[in-house]
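Read through the structure below, which is laid out as structure tokens, and then see the notes.
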Amino acid sequence: MATFYKRQTKEVLINLCEERGIDVLDKSKELLIRALLESDQEQQNYTTESGSDVDLAIPERTVNLGFSQHENTTVQEHTSSLQKDLQLLGSDDPQLRLQLILQHQEREAQREAAAAAAERAERQAQREIEAAERQADRAFQLELAKLQHQTQSPQSSESREGPFALHGSPKFPVMDNDSNLDTFLLSFEKCCRQYQLPLEQWARYLTPGLKGKALDAFVELPPELDGDYEALKQALIKKFNLMPEVYRKKFRALQRGPTDSYSDVVSNLRTSFRQWIKGLSVTKFEELEDLMVMDQFLNNCPYWPGEPPLENGWIPFLGLAFDFQKDPLQFLISRQKKYGGLFTVHIAGKYITFVMDSTQFQHVIRHGKQLDFNEFANTLASRSFDYPRITETKFPKLNDNMHRIYKIMQGRALDKLTDSMMGNLQRVFKWKFSQATDWKVEKMYQFCCCIMFEASFMTLYGRDPIADGHKVISEIREKFTKFDAKFPYLVINIPIALLGATKKIREELIHIFFPNKMEKRFEISEVVQERKNVLDLYELKDYDKAAHHFAFLWASVGNTIPATFWAMYYLVRHPEALAAVRDEIDHLLQSTGQKRGPEYDINLTREQLDSLVLLGSAINESLRLCAASINIRIVQEDFILELEGNQTVSLRKGDFIALYPPTLHMDPEIYEHPEEYRYDRFVEDGKEKNSFYKNGKKLKHFLMPFGSGTSKCPGRFFATNEIKQFLAVLLMHQK
């Protein structure tokens, strides 16, 4: 920090001014010098002892320099910028300090002059723009007044000459209300053609006739498109939702009016038809063929009395598939607001009736005879996993025999499978941790998938006595993951040939389960062995038997692994939930005399897993937030479905009826703040909570992550135990 000298004399400062060519006799300059001297006096107050460091504070002052008789210019001597420059100068030389101050004044004057000039230019430009707008508006109003005047008065021969010739046309139409936009546009375009107005001027004459929603559409249009008639027309069509389906109905329902000529009828038909196919982007004969077939279908299959509202969508065959795929929950909620709790949607060639009221779910679920799931599941599985469709004539009682086997995965029969999974989980955990010599970062889903897939695979299909189990199963997992990524496309009937290497990967996975390879595996689970025995009873090729085993593998881990990941994810994200679940597990281990730590093995029976109420609630909560499967039934015959409250709905054979659990799971009337994760939501008085209400009525089905009725996942108890075991072993390894 510089040390200030004593105040310099007035003569020294005058000499400095003279050296810079400053007239010291000028009153303003004397005032400047006086200000500098006073500043020097104030600086003495901040003089510090030799060798000490303090912050320099320069007071601000405004000095009137009196540059002219009629105008005083006020400047601020010690601005923050000047203070900084004086500090950086590091010198007490009055000549240098005066030079720095004068430079600051010159720059300030230049900035003020530039700002004033810019402001004047901006005001001038604004005045020119406003003048141009007023002139254009006056010209437009004048031209419009001339045209309207010409329509009301006789026209001379001279007035009809030129490109804007008029031939006794009526005034430009004005919209009566928001419901006749189509007619209004047709009338307006007809007038423009009669007036022989060039297309680029149509928008100017259209806007005065707009009202209501049409005027809103014009206001929302970007300014650069104000004069573009086609852009304005499309904005109006979009605002009034004049989609292709509207034009289709107009085309079909159009009739000749009392004042219409035959030419008018043909013209209106042609306009509606063109708008219809234009909105669908139909440009080829094949596309037109599909369009006409669908139109004929809609005409030949009208609504039945009692049928729910139908929304077809405007894309042939696909219908509303794309809209539904983007966000199924929001799509259905928006339709529920529009149509109510029952409506039918056309998706990918299927007509699906959605039941949105959760109090009505039980009435759908109990109609097992008329609303069947097996046909849908059979067709889907056959197509996705490449085995022959199971029919009663070709494979009698095969489905019944398979379903009897699933009892092994419930109740006490599940104990053996649960114990095997516990041992395999700990074996995989120890192997995985033994491979790491140092800290390793791994994505949470990858970590979860690696452990759960290998443990589940060994639990169900045993081990290969020759090949390296970890390596082989890791390769199987990688192929399985690739196939699973394409599975949604197979569900919506996309040909597997269009899915890259998916067909080859599926074949490689199926070959893993060929009978000759299955015979070599040991410690195969009872449920897989029983399935193998049942398949051997029927005339199935080795490939077909292996395909059935592959399908069972997908059913076992395809949804369990994501469910395990989400359960782990939400626990990690919520420390209070993680602490509560860990305490519950620790208490169980202590009460059963088991030690906690990665070096110890633990054993949790099915009953002990059931006693972990907080852990079970945390898993149910993650399932509530993340499970997004649709419960689908196929209507087996034309019948009337009776619902609660004397409500009925007519259903057609071959149509689908669907329950979408997320609408139940995210209902704020059933679950308080449904978007929040609450690990103890399914606990009440230390026990599992199963009382939830809608419209004051207790719900029988309040949580549906595993389906419902006959389509309910037979392995749901095993899957829940797997998730509990994974989390328990994971927390045991965590210090």
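Letter by letter, the sequence shown follows residues 21 to 755 of the working numbering.
Idealized CB from N, CA, C, for every residue including glycine.
Keep in mind it's a predicted model, so treat the numbers as computed, not measured.
Below 8 Å, too few C-beta pairs join the stretch 388-401 and the stretch 694-711 to call them touching: fewer than three. With at least 16 other beta carbons inside 10 angstroms of its own, residue 201 counts as buried. In the structure shown, residue 274 falls within a coil segment according to DSSP collapsed to helix, strand and coil.
Take the alpha-carbon of residue 430 and the one of residue 740: they are about 12 Å apart.
Taking all protein chains in view, the Cβ of residue 681 is crowded by 16 or more other Cβ atoms within 10 Å, so the residue is classified as buried. Residue 744 is a Cβ neighbour of residue 629, given a cutoff of 7 Å.
Within the same chain, and ignoring the five residues on either side of residue 565 in sequence, the residues whose Cβ sits closer than 7 Å to its Cβ are 535, 555.
With a beta-carbon spacing of about 6 Å, residue 368 and residue 512 fall inside the 8 Å limit used to define contacts. Around the Cβ of residue 506, a 10 Å sphere holds 16 or more other Cβ atoms; the residue is buried. In the DSSP assignment, residue 436 falls within the unbroken alpha helix (DSSP H) covering 435-454. With contacts defined as CB atoms closer than 7 Å, residue 363 and residue 416 fail to qualify as a contacting pair.
Annotation: residue 207 to residue 718 spans about 59 Å, alpha carbon to alpha carbon.
DSSP, reduced to helix, strand and coil, places residue 710 outside both helices and strands of the structure shown, so it counts as coil.
Here DSSP, grouped into helix, strand and coil, assigns residue 610 to helix.
In this structure, the straight-line span from the alpha carbon of residue 288 to that of residue 349 is close to 40 Å. Only buried fits residue 597, as 16 or more other CB atoms lie within 10 angstroms of its CB.
Between residue 333 and residue 339, the C-beta spacing is below 7 Å. Of all alpha-carbon atoms in 685, 447, 359, the one lying nearest the alpha-carbon of residue 618 is that of 447. Under the three-state reduction of DSSP, residue 375 is assigned to strand.
With contacts defined as CB atoms closer than 7 Å, residue 356 and residue 657 fail to qualify as a contacting pair. For residue 194, there is no enclosing alpha helix (DSSP H), as DSSP marks it with neither H nor E. Within a 10 Å sphere around the beta-carbon of residue 308 sit fewer than 16 other beta-carbons, which makes this residue exposed. Spanning the alpha carbons of residue 484 and residue 644 requires a straight line of approximately 38 Å.
If you compare the alpha carbons of 336, 510, 474, 237 with that of residue 495, the shortest gap goes to 474. Excluding five sequence positions before and after residue 382, the CB atoms of its chain that fall closer than 8 Å to its own CB belong to 720, 721, given in chain order. The C-alpha of residue 469 is placed about 17 Å away from the C-alpha of residue 592. For residue 669, the enclosing beta strand (DSSP E) covers residues 667-671. Fewer than three Cβ pairs drawn from the stretch 232-250 and the stretch 275-285 lie within less than 8 Å of each other, which leaves the two stretches out of contact. Rounded to whole angstroms, residue 122 and residue 136 show a C-alpha spacing of 21 Å.
Assigned with DSSP and collapsed to three states, residue 553 falls in helix. For residue 594, there is no enclosing alpha helix (DSSP H), since its DSSP letter is neither H nor E. Inclusion of residue 550 and residue 425 in the CB contact set at 7 Å is warranted, their separation being smaller than that value. Secondary structure at residue 643: helix, using DSSP grouped into helix, strand and coil.
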